[in-house]
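S.K.: Following this message is one structure expressed as structure tokens.
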Amino acid sequence: MKTHLNLATSDLEKSVAFYSALLGAKPAKVLPDYALFITEQPGLELALDLRASVDVGSDAHYGVYVETVADVDTAIARLEAADLVASIEREETCCYANQSKVWAIDPEGRRWEVYTVHEDTDEKIDAETSCCSSEQADRSCCVA
2 MKTHLNLATS DLEKSVAFYS ALLGAKPAKV LPDYALFITE QPGLELALDL
52 RASVDVGSDA HYGVYVETVA DVDTAIARLE AADLVASIER EETCCYANQS
102 KVWAIDPEGR RWEVYTVHED TDEKIDAETS CCSSEQADRS CCVA
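According to the working numbering, the sequence shown is numbered sequentially starting from 2.
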């Protein structure tokens, strides 16, 4: 089973570069107005459609769950090499779980996290959490 996402972009070249770094994969297909990524880990078919303008909502974010902190570190290295890291969180409580993650923002402003969960928690956030802090809230981490 794979998830399919189709995202609009106003700059196909920049979006292909971003998603290549985020997913650690090259697109299976690239045309002047379209690109398609097909990955096994995560099980995803991601289509990018070139549009004159894009309206990205501010109340969502996207994520790729990975099994280990080492997998998060691999994503950090890949995203740092592409100069795409927005922030890194280590063992922070956010969204009722203690997590480590890296955030990146695509060319249209969509927030993506690559994360692993260390354990579930009874608290949504803790005092040291940057994920759901007021300066992050406008970027829709996990604010209800």
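Ideal placement from N, C-alpha and C gives every residue a C-beta, glycine not left out. All of these numbers come straight from a predicted model, not from anything done at the bench.
What do you reckon, is the C-beta of Ser21 under 7 Å from a heavy atom of the ligand MN?
M.R.: Absence of the ligand MN from the depicted structure is noted, as is the absence of any ligand whatsoever, leaving it without description.
S.K.: Return the Cβ separation of Arg52 and Ala9 in integer angstroms, given the expectation that the two are a contact with Cβ distance under 8 Å.
M.R.: Yes, Arg52 and Ala9 are in contact; Cβ-Cβ is about 4 Å, under 8 Å.
S.K.: Rounded to the nearest angstrom, how far is the Cβ of Tyr97 from that of Gly64, given a contact under 8 Å?
M.R.: Rounded, the Cβ-Cβ distance is 14 Å, inconsistent with contact.
S.K.: To the nearest angstrom, how far is the alpha carbon of Ala71 from that of Ser54?
M.R.: Roughly 37 Å separates the two Cα atoms.
S.K.: Measure from the alpha carbon of Glu93 to the alpha carbon of each residue in Val86, Ala87 and Ser101, then state which is nearest.
M.R.: Of the listed residues, the one whose Cα sits closest to Glu93 is Ser101.
S.K.: Check each candidate in Tyr66, Ile89, Asp84 and Asp127 and name the one with the smallest Cα separation from Val118.
M.R.: It is Tyr66.
S.K.: Pull up the CB-CB distance for Pro108 and Lys15, whole angstroms please, since I reckon it's below 8 Å.
M.R.: Right, the Cβ-Cβ distance comes to about 4 Å (below 8 Å), so this counts as a contact.
S.K.: Can you give, in chain order, each stretch of the alpha helix (DSSP H) that sits fully within the region 46-99 and has at least 4 residues?
M.R.: Within the region 46-99, the complete alpha helix (DSSP H) runs of at least 4 residues are 70-82.
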